[in-house]
Amino acid sequence: LGVAVLNEALKSLGAISHFDFQIEELHHNRKKDKPSGTAITLQENLEKAVGKKCPEPVAIRGGGIFGVHKIYSMSDEEVLTFEHTALNRTVFAKGAVQAAQWLAKQKKPGLYQIRDVLFGK
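This is how it looks when you write it as structure tokens:
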């Protein structure tokens, strides 16, 4: 759920599109994809928000880290950082259960996304 909120927050970065941007992610040393699907989605949403191509995400693998995603927004005067940290895998299961409960209440069949669960469709 936190990553979905982070993706929504990226929309606000259009106001500072003249800044430099960089995504960094950290995951456990057994994770195969590099960058992760989450980092790729964040990158796509960031580029859409700021209207320009940004450097590829920096992907770090090590230890038992469940997942950390950071978005740096940098100018000569300041740095704004958005960060999401998954402390354990329970967060993913709880998000799936919340989404399933929300989906069970929907009257119309359709294609839904996690942002629909959090922010309405």
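Counting in the numbering used here, the sequence shown tops out at residue 139, every number present.
Ideal Cβ positions, reconstructed from N, Cα and C, are used throughout, including at glycine.
Asked: Assumed close pair P75, P53 - CB separation to whole angstroms, cut-off 8 Å; Found: 4 Å
Asked: Where S30 falls: helix, strand or coil (DSSP); Found: helix
Asked: Beta-carbon proximity check, R79 vs K126, cutoff 8 Å; Found: no
Asked: For E101, the residue or residues it bridges with in DSSP; Found: K88
Asked: Unbroken alpha helix (DSSP H) run spanning Q61, endpoints; Found: G55 to V68
Asked: Three CB pairs or more closer than 8 Å across the region 28-41 and the region 58-69; Found: yes
Asked: Helix, strand or coil at D134 according to DSSP, with G and I counted as helix; Found: helix
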